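Peer 1:
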Ligand SMILES: Cc1cc2nc3c(=O)[nH]c(=O)nc-3n(C[C@H](O)[C@H](O)[C@H](O)COP(=O)(O)OP(=O)(O)OC[C@H]3O[C@@H](n4cnc5c(N)ncnc54)[C@H](O)[C@@H]3O)c2cc1C
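As structure tokens, then:
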């Protein structure tokens with residue numbers, strides 16, 4: 367079977383890109399060494415909060431807001447097509463100051479968020495606790511951001527893969543890509559365990575493992591894994607309605623009583639351990655933020671790697687050789703950025719003019735040579 371596009375990696379990026387391409391009639395295959403959603407994309411907390419994450423007028427905030435808004439439409443479309451509720455909720459987020467330094471920074475933070483085009487309300491401690499009674503009595507002030515949202519990553523991934531398959535995407539699971547094939551200055555396909563698969567376009571969306579895929583040009587080496595550990599628990603009555611940030615951590619309340627507490631940020635290479643120190647850090651931050659969680663029942667813990675780039679902006683766009691694309695480096699915001707990333711890559715491959723600003727900021731070639739080094743060209 368011949369394909370127009372090979373997507374390497376079946377995480378949220380690979381599945382979203384494949385779905386977007388298939389909807390435009392592009393024959394697409396996803397090659398995933400495990401199963402769709404096997405890594406970071408189903409461990410993520412599912413926060414869609416560009417204003418909290420970045421909070422200043424810059425490309426990351428503008429693109430994050432644009433992607434957050436696309437999530438609403440994607441959720442509706444997945445629901446219409448499959449009857450699956452992916453858990454998109456405009457629950458809002460609250461940034462809570464629990465020490466003097468954080469409290470002193472609230473006004474400036476609110477100003478920057480407003481300048482970036484976000485809705486934000488500065489709250490006194492009493493108002494913050496009136497809106498979120500589960501918040502610590504030690505809160506010194508807060509910001510309320512009603513536009514921020516959440517989604518359930520495990521259900522989102524399942525729905526994306528199902529819908530992509532329904533639209534004609536072929537998923538080849540257990541398929542390890544051994545090398546990206548670049549010949550004569552353009553992408554030709556990939557080398558698999560058994561044989562090669564050819565296509566005019568190759569999109570590498572291998573998350574934290576992108577820099578380990580042989581045959582990629584220099585920019586891909588910029589991606590490194592940042593370990594994140596988190597804890598899931600269950601609490602009735604609900605501990606909060608909004609996503610709460612503070613004390614260096616966050617809690618994400620689901621409507622059914624589950625709460626995701628996150629998350630460590632550790633530069634430890636590919637060590638996938640859940641550590642006692644990591645869990646202690648996550649739990650102590652969550653309990654400082656919402657002390658009522660002390661009664662919560664532990665449901666589980668998880669760990670995975672955020673694909674990080676040196677300047678914290680993703681690598682989305684041409685990798686150098688013609689027909690070779692990167693969609694990675696989304697770090698803490700890959701779930702948030704998936705719809706927009708998919709649109710950018712699908713526009714580029716189908717030669718659809720994009721009206722999105724800020725795309726040069728994501729150009730993977732900013733990290734190095736624009737072509738494959740001759741020694742790296744496939745034999
Ligand atoms: C603890 C934690 C909490 C997070 N919380 C949030 C959040 O609240 N909101 C948010 O927006 N983001 C969050 N993130 C970040 C988000 O999870 C990532 O940015 C996103 O999942 C990256 O998606 P991806 O598809 O690029 O990578 P992945 O999901 O890691 O997928 C990459 C896929 O490529 C496959 N692969 C790798 N190499 C090969 C190969 N050679 N051949 C074939 N297949 C290959 C892997 O098996 C994997 O399935 C969080 C991350 C962590 C770890």
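Numbering (this note's numbering), first residue to last: 367 to 745. Glycine included, each C-beta is placed from N, C-alpha and C at the ideal position. All of these numbers come straight from a predicted model, not from anything done at the bench.
Which same chain residues, not among the five before or five after residue 710, have their C-beta less than 6 Å away from its C-beta?
Peer 2: 682.
Peer 1: What residue range is occupied by the uninterrupted beta strand (DSSP E) comprising residue 750?
Peer 2: Residue 750 lies beyond the residue range present for the chain, which begins at 367 and ends at 745; the question has no answer from this structure.
Peer 1: Could you tell me if residue 524 is buried or exposed, where buried requires 16 or more neighbouring beta carbons within 10 angstroms of its beta carbon?
Peer 2: Buried is the call here.
Peer 1: At the level of alpha carbons, what is the spacing between residue 540 and residue 562?
Peer 2: One C-alpha to the other measures close to 15 Å.
Peer 1: If you check the beta carbons only, do residue 731 and residue 700 fall under 8 Å apart?
Peer 2: Against a cut-off of 8 Å, the Cβ pair of residue 700 and residue 731 comes out as no contact.
Peer 1: Looking at residue 667: is its Cβ nearer than 8 Å to the Cβ of residue 596?
Peer 2: Yes.
Peer 1: With three or more C-beta pairs closer than 8 Å as the rule, is the segment 515 to 535 touching the segment 448 to 468?
Peer 2: They touch, by the three-pair rule.
Peer 1: Just to confirm, is the Cβ distance from residue 463 to residue 415 under 8 Å?
Peer 2: Cβ distance not < 8 Å, so residue 463 and residue 415 don't count as in contact.
Peer 1: Cα separation between residue 742 and residue 582?
Peer 2: Reliability fails at residue 742, whose pLDDT of 40 lies under 50, so the model's placement of it is uncertain and the value that follows must be treated cautiously. The straight-line gap from Cα to Cα measures roughly 8 Å.
Peer 1: Taking three-plus beta-carbon pairs below 8 Å as touching, is the segment 372 to 380 in contact with the segment 537 to 552?
Peer 2: The answer is yes - the segment 537 to 552 touches the segment 372 to 380, with three or more Cβ pairs under 8 Å.
Peer 1: Going by alpha carbons, who is nearest to residue 634 out of 527, 590 and 688?
Peer 2: Checking every option, the nearest Cα to that of residue 634 belongs to 590.
Peer 1: Of all the alpha helix (DSSP H) runs that stay within the bounds of the segment 414 to 485, which reach a length of 4 or more residues?
Peer 2: Complete alpha helix (DSSP H) runs here, min 4: 416 to 419, 425 to 448 and 466 to 481.
Peer 1: Could you say if the segment 688 to 706 and the segment 661 to 677 meet the contact criterion of at least three C-beta pairs nearer than 8 Å?
Peer 2: The segment 688 to 706 is in contact with the segment 661 to 677.
Peer 1: Can we count residue 525 as close to ligand 1, meaning its CB is less than 7 Å from some heavy atom?
Peer 2: No, Cβ of residue 525 sits at least 7 Å from all heavy atoms of ligand 1.
Peer 1: My understanding is that residue 482 touches residue 427, with C-beta atoms under 8 Å, so please give their C-beta distance in whole angstroms.
Peer 2: With a Cβ gap of about 5 Å, residue 482 and residue 427 count as contacting.
Peer 1: Could you check whether the Cβ of residue 490 sits closer than 7 Å to any heavy atom belonging to ligand 1?
Peer 2: No.
Peer 1: Assuming residue 548 contacts residue 556 (C-beta within less than 8 Å), just tell me the rounded distance between them.
Peer 2: Contact doesn't hold; Cβ gap of about 10 Å is too wide.
Peer 1: I'd like to know whether the C-beta atoms of residue 587 and residue 500 end up nearer to each other than 8 Å.
Peer 2: In this structure, residue 500 does not lie closer than 8 Å to residue 587 by Cβ.
Peer 1: Is it buried or exposed, residue 690, if we count other Cβ atoms within 10 angstroms and call 16 or more buried?
Peer 2: So residue 690 ends up on the buried side.
Peer 1: Considering only the alpha carbon of each residue, which of 429, 387 and 383 lies closest to residue 724?
Peer 2: It is 429.
Peer 1: Please tell me whether, using a cut-off of 7 Å, the distance from the CB of residue 537 to the nearest non-hydrogen atom of ligand 1 is below it.
Peer 2: No; taking the cut-off as 7 Å, the Cβ of residue 537 has no heavy atom of ligand 1 nearer than that.
Peer 1: Helix, strand or coil, according to DSSP, for residue 553 in the structure here?
Peer 2: Residue 553 falls in the strand class under three-state DSSP.
Peer 1: For ligand 1, any of its heavy atoms closer than 7 Å to the Cβ of residue 702?
Peer 2: Residue 702 Cβ: within cutoff of ligand 1.
Peer 1: Check for me: the alpha helix (DSSP H) holding residue 493 runs from which residue to which?
Peer 2: Its alpha helix (DSSP H) spans residues 491 to 497.
Peer 1: Excluding five sequence neighbours on each side, which residues of the same chain lie with their C-beta closer than 6 Å to the C-beta of residue 551?
Peer 2: For residue 551, where only same-chain residues beyond five positions count, the Cβ hits under 6 Å are 687.
Peer 1: On a CA-only basis, which of 721, 680 and 386 is nearest residue 530? Give me that one, please.
Peer 2: The residue with the shortest Cα to Cα distance from residue 530 is 386.
Peer 1: Based on the DSSP secondary-structure assignment, which residues constitute the bridge partners of residue 567?
Peer 2: Beta-bridge pairing links residue 567 to 371.
Peer 1: Compute the Euclidean distance between the alpha carbons of residue 532 and residue 370, then round it to the nearest angstrom.
Peer 2: Cα to Cα, residue 532 sits roughly 17 Å from residue 370.
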